[in-house]
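Structure first, commentary second.
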């Protein structure tokens, strides 16, 4: 093990928050200790935490006073769990032989150090390609919820991100639903964005980076990164072709009926109907004059029927959907009126905000179930 001492005093709260956020960004799944660790490096600028799981990586800098420049690596879960329990306003990190000591006025905890020689050093971020408002990034990152969770289909576990003039096109699908957003951005001169980013990372970045005033996008061939105050997070881009043209065509809805309804009220009604949706999880939406009826029915569970006020334009139609897909589609529009554009036959239903917010054009598509379908799965 490389002999490099580390001795630094740091605020407990900021360090604990950084360690917890790092663990959420890079959950510990690796069997290799180095890929489950975090590198702590102290210098005159403060304390940096850096980690990589082999594909994604993150760096965060915390204000601190370095008594001795140096570095040490420990388990990132052990560090986060230890810091989460402390209520002292500040603490001291210092290497003590094969341990990293976490000291407060009244306590000491000693974490085993990892071998620095075998610890993967996270790369630096690629060149910046543009800037987004943090709130717009948070709203657009909601598209990640439409991606597949099945690793056997890596193409559909990612968010497709492309530059398109003054906007960034972001799209994700698992083949049964699709979400797309077009947040406004300020690109660097001549810069382009063309990547496939793991959806789980995009979702977490939406929660964390979305609280910042602005975020900066970085990209080069095969790599993507996002940076905001104190943080830089990056990943390799999935090297698979994406069916851009076919999926873009789906975003043009030709509605036979358009419904405007309170998103929260509809989500609550769908949640209640889901208890009567049976093993298929099928919930029926039935359009009427000035109302939308939400039904659930199953021979064993029973049945439910609930009517909501709604504005209808077009035909009185009936469609069935998987309840969880409806809930996912409505979630980005919480607190607002949602517009449902229902198309013919089994063409997807488009969910948008009835009054879109400036800066982000968000659209969520859900494919209806076949009326007698007993084999539809996500």
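Residue numbers (the UniProt record's numbering): 1 to 378. Backbone N, C-alpha and C define an ideal beta-carbon position, used for all residues, glycine too.
Counting along the chain, residue 291 sits inside the beta strand (DSSP E) bounded by residues 291 to 298.
Of all alpha-carbon atoms in 148, 151, 185, the one lying nearest the alpha-carbon of residue 162 is that of 185. The beta carbons of residue 86 and residue 12 sit about 5 Å from each other, so the pair counts as a contact at 8 Å. Per DSSP, the beta bridge partners of residue 8 are 66, 93. Contact between residue 321 and residue 146 does not hold, since their C-beta atoms are separated by about 14 Å, which reaches or exceeds 8 Å. Residue 245: member of the alpha helix (DSSP H) spanning 244 to 250, first to last residue. Residue 371 sits exposed, since fewer than 16 C-beta atoms from the chains shown fall within 10 Å of its C-beta. Between residue 64 and residue 46, the gap from beta carbon to beta carbon is short of 9 Å. Counting along the chain, no alpha helix (DSSP H) covers residue 113, and no H or E run does either.
In this structure, residue 294 lies near residue 273, with their beta-carbon atoms less than 9 Å apart.
The beta carbon of residue 71 sits closer than 8 Å to those of 4, 6, 39, 40, 41, 42, 116, all from its chain and outside the five residues before and after it, given in chain order. For residue 76, there is no enclosing beta strand (DSSP E); the enclosing alpha helix (DSSP H) has its first and last residue at 76 to 84. For residue 231, the uninterrupted beta strand (DSSP E) run begins and ends at 231 to 236, by DSSP. Bridge partners of residue 321 according to DSSP: 283.
DSSP places residue 187 within a strand segment (E or B) once states are collapsed to three.
Residue 205 places its beta carbon less than 9 Å from that of residue 25. The beta-carbon separation of residue 319 and residue 352, rounded to 17 Å, does not stay under the 8 Å limit for a contact.
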